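Worksheet for the structure shown next.
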Amino acid sequence: DMRIVRLGQGVDATGEFAPDALARTHSALAGYAEVMRRHDVATIRTAATSAARDVANRDQFFAMTSDVLGAVVPGAVAEVITGTEEAEL
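Below, the structure written as structure tokens:
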């Protein structure tokens with residue numbers, strides 16, 4: 119299952135993740151978290167790309183990922199990958 123949340127929508131103009139983009143991301147992560155709970159997932163790796171490196175409200179984004187993912191696996195949070203790692207995806 120893949121969900122496109124358009125997290126970076128409007129970032130170039132505002133320098134921040136838009137509230138509705140964060141809400142869409144939260145909703146998608148919560149859905150994935152439910153699936154992970156059902157399957158007793160023990161390890162989570164969530165990658166954040168270029169937008170998360172540069173936005174002013176990145177702390178809000180990472181707190182949200184910590185809340186949602188940490189409820190499945192304590193300590194889980196999205197991690198920022200390098201531009202090189204992103205290019206390899």
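Each residue of the sequence shown is one higher than the one before, counting from 119 in this note's numbering.
Where a beta carbon is used, it is the ideal one built from N, C-alpha and C, also for glycine.
Keep in mind the model is a prediction, meaning the values are calculated, not measured.
Exercise for review: Determine contact between the segment 152-167 and the segment 180-198, defined as no fewer than three beta-carbon pairs at a distance below 8 Å.
Suggested key: yes
Review point. Would ALA160 pass as a contact of VAL198 if the rule is Cβ separation under 8 Å?
Key: no
Check your understanding: Where VAL123 and THR200 are concerned, what is the direct C-alpha to C-alpha distance, given to the nearest angstrom?
Key -> 21 Å
Review point. Once you ignore the five residues that flank ARG142 on each side, which residues in its own chain have a CB closer than 6 Å to its CB?
Key: VAL123
**Study point:** DSSP state of GLU134 mapped onto helix, strand, coil
**Key:** coil
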